Each structure stands twice: as C-alpha cells, then as structure tokens.
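Engineer: Numbered as in our numbering, the sequence shown ends at 248 without a single skipped number.
Just so it is clear, CB atoms sit at the ideal spot from N, CA and C, and this is done for glycine as well.
Predicted, not measured: the structure shown is a model, and the values here were computed from it.
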Amino acid sequence: MKNYCVVQHTYSEFLGLIESHLEKRDIGFSYYRPFVGQGLPGSAAQFDGLWLLGGAWPVTDLEHNPQVPDELALIDVFRRSRRPVIGLGMGGLLVALQAGGTAHAEPPCRAEFVTVRRTDAGAGDALAEALDGKHVPVLVHGRVDLPEGLEPILVDDTGRWLAVRPDALTYGLLFRPEMKPGMLEDIIMEAGHNPPPNIGELLTEARLEWRGMQDATSRVVVALVTELELMQERRKMPVFSLKLETDA
Numbered sequence: 001m002k003n004y005c006v007v008q009h010t011y012s013e014f015l016g017l018i019e020s021h022l023e024k025r026d027i028g029f030s031y032y033r034p035f036v037g038q039g040l041p042g043s044a045a046q047f048d049g050l051w052l053l054g055g056a057w058p059v060t061d062l063e064h065n066p067q068v069p070d071e072l073a074l075i076d077v078f079r080r081s082r083r084p085v086i087g088l089g090m091g092g093l094l095v096a097l098q099a100g101g102t103a104h105a106e107p108p109c110r111a112e113f114v115t116v117r118r119t120d121a122g123a124g125d126a127l128a129e130a131l132d133g134k135h136v137p138v139l140v141h142g143r144v145d146l147p148e149g150l151e152p153i154l155v156d157d158t159g160r161w162l163a164v165r166p167d168a169l170t171y172g173l174l175f176r177p178e179m180k181p182g183m184l185e186d187i188i189m190e191a192g193h194n195p196p197p198n199i200g201e202l203l204t205e206a207r208l209e210w211r212g213m214q215d216a217t218s219r220v221v222v223a224l225v226t227e228l229e230l231m232q233e234r235r236k237m238p239v240f241s242l243k244l245e246t247d248a
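1. Out of Val7, Gly200, Leu97, state which residue places its alpha-carbon closest to the alpha-carbon of Leu150.
2. Given a threshold of 16 other Cβ atoms within 10 Å of its Cβ, counted over all protein chains shown, does Ala56 qualify as buried or as exposed?
3. If you compare alpha carbons, which of Ala168, Asp157, Gly42, Pro107 is closest to Pro69?
4. Consider the Cβ of Glu178: report whether some Cβ of chain B lies at a distance smaller than 9 Å.
5. Take the Cβ of Val239 as the centre, count every other Cβ of all protein chains shown within 10 Å, and call the residue buried at 16 or more, exposed below.
6. Taking only three categories from DSSP, how would you classify Trp57?
7. So, helix, strand or coil for Ala44, using DSSP?
8. Ordered along the chain, which non-local residues of its own chain (more than five positions away) have a Cβ less than 7 Å from that of His193?
9. Quick one: what does DSSP say His193 is sitting in, helix, strand or coil?
10. Can the beta-carbon of Val138 be found closer than 9 Å to that of Leu162?
11. Out of curiosity, what's the CA-to-CA distance linking Ile75 and Leu208?
12. Since Thr158 contacts His135 with CB under 8 Å, what's their CB separation in whole angstroms?
13. Please classify Leu62 as buried or exposed, where buried requires at least 16 other C-beta atoms within 10 Å of its C-beta.
14. Would you report the Cα separation of Gly89 and Ala105, rounded to the nearest angstrom?
15. Suppose contacts are defined by Cβ-Cβ distances below 9 Å. Is Tyr4 in contact with Leu17 by that definition?
16. Let's test the definition: count the other Cβ atoms within 10 Å of the Cβ of Glu201 and tell me whether it reaches 16, buried, or not, exposed.
17. Would you mind sorting Gln46 into buried or exposed? The rule is 16 or more other CB atoms within 10 Å of its CB.
18. Between the alpha carbons of Pro249 and Ala223, how many angstroms are there, rounded?
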C-alpha cells in the first residue's frame with residue numbers, strides 16, 4: 001500500500017480536506033508530530049513521499065520550531081531519493097528555504113484569501129493551470145524569498161509567490177488547499193497556537209467561500225496526482241519480522 005510521511009506542526013493543522021481524497025485513491029499516510037517531541041524518520045526508505053503541513057510560527061523562530069534543521073534535512077533526503085515532496089503553508093516555506101531561499105521573520109503573519117495567477121514558468125504545469133484564477137486561502141507566518149533562478153509557477157495579484165516547483169517531484173505552496181472552516185476554529189481554540197489577529201475575518205470568508213475551497217482542493221489533488229504520480233507505489237525497503245522459535 002502507498003504510504004506518505006506527513007509532518008504536522010500543530011494539533012489543528014492536519015491534511016484536512018485532502019485526507020479523503022488520498023484515502024479514496026488508496027493512499028495511506030503516517031503523521032509525525034515534532035511539536036510533541038516525536039522524532040522524524042531518518043530516511044525515505046519506507047515512504048512513497050513527504051507532506052509538510054502548516055504551522056504557527058515563522059521558520060526563523062527556532063525557539064518554537066527547533067526541528068526546522070531536521071525538516072530541511074528530511075526534505076533533502078526525500079528529494080535525493082526521488083520521492084515526491086509537497087509543502088503547504090509553513091511546509092511551502094520550508095521547501096523554498098531548502099531550495100536555497102532566504103527566510104525572514106516578517107511579516108509576522110499573512111492570512112487572507114487571494115486570487116491565483118499562473119506565471120509563464122507555470123505554463124503547462126497541471127497545478128498552475130488548474131488553479132489559475134481561483135480564490136484560495138493563504139495562512140503563513142514569516143516569509144521566504146526565493147533564490148535566484150527559482151521562478152514561481154503561481155503568484156497573487158501583487159506578484160507575491162504562491163507556489164514553486166524546485167524540481168519535477170517537489171512543490172511548495174503557500175496557499176492552503178487542506179484548510180476548512182473547522183480547522184480555523186480549532187486554531188482559535190488551540191492552546192499555544194499563534195493565530196493571526198484577523199482570523200475571525202478569515203473564518204467568516206472561509207464559510208462564504210466553502211464551495212470554492214472544496215473545488216480548489218479537488219483541482220489541487222488531481223493535479224498533484226498527475227504531476228507527481230502519487231498513485232504510483234515507490235520501491236520501499238522490506239520490513240522483516242524476527243520471530244524467536246522455542247522447542248515445544
């Protein structure tokens with residue numbers, strides 16, 4: 001069975017809307033939660049790919065995100081192993097940072113709905129083509145400036161990057177296709193989270209945009225399945241069971 005490694009950064013932010021899409025395609029996933037002290041896997045050998053989810057603090061904040069260096073190393077391991085890597089929100093920032101970008105603590109948070117625009121670099125990319133013109137939520141803390149030579153495939157109306165593709169099997173997205181109104185409610189309630197000051201307005205808009213959000217998520221998943229061949233099971237290391245036999 002296909003099994004993806006999923007790195008979760010807060011209780012509230014999980015695969016959300018994307019979960020059912022993966023389950024319908026017989027794609028399993030194993031969550032790793034460094035924010036409760038759980039370690040990250042040391043290799044990509046047992047997984048078909050990697051998802052990195054949203055978070056509550058900038059990637060520069062190592063007090064709240066001490067695992068960032070380990071996550072960057074993990075992204076490198078999966079990329080070298082030719083396994084798909086998909087970052088959402090904070091995960092998208094980590095993808096851009098690992099690709100050579102420069103991280104900044106400012107702005108403290110960006111939380112808004114934006115209209116997606118495909119760039120010339122995104123021409124022919126299934127994700128970029130499917131999302132062009134759609135209204136999607138963005139929720140990230142801090143920013144990462146892209147390195148020279150890495151052009152975004154999607155931007156907003158002001159030209160700020162929304163999606164990058166550092167290589168054929170890697171995507172970094174600042175918008176949040178997994179998000180649903182209930183997740184925003186959970187962010188408000190989660191102790192120790194760092195919700196944006198305008199999260200109430202974002203929640204209201206999410207409720208109004210709910211149908212469009214579901215459509216955008218469907219488009220994202222179909223595009224990622226197509227571009228990254230997510231239905232393909234990668235060769236994985238066998239798991240051996242050691243059984244001690246005793247005399248009857």
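Structural biologist: Straight from the coordinates:
1. Leu97
2. buried
3. Gly42
4. Here there is only one protein chain, and chain B is not present.
5. Summary for Val239: the model assigns pLDDT 49, below 50, so the residue's position carries little reliability, and this model does not support an answer.
6. coil
7. coil
8. Thr10, Ser12, Ala56, Ile187
9. coil
10. It is a contact, given that the beta carbons lie within the stated cut-off.
11. 35 Å
12. Their Cβ separation, rounded to whole angstroms, is 15 Å, which puts Thr158 and His135 out of contact at 8 Å.
13. exposed
14. 14 Å
15. no
16. In the assembly as shown, Glu201 is an exposed residue. Its beta-carbon has fewer than 16 other beta-carbons within 10 Å.
17. exposed
18. For the chain, the structure presents residues 1 to 248; residue 249 sits outside this window and is missing.
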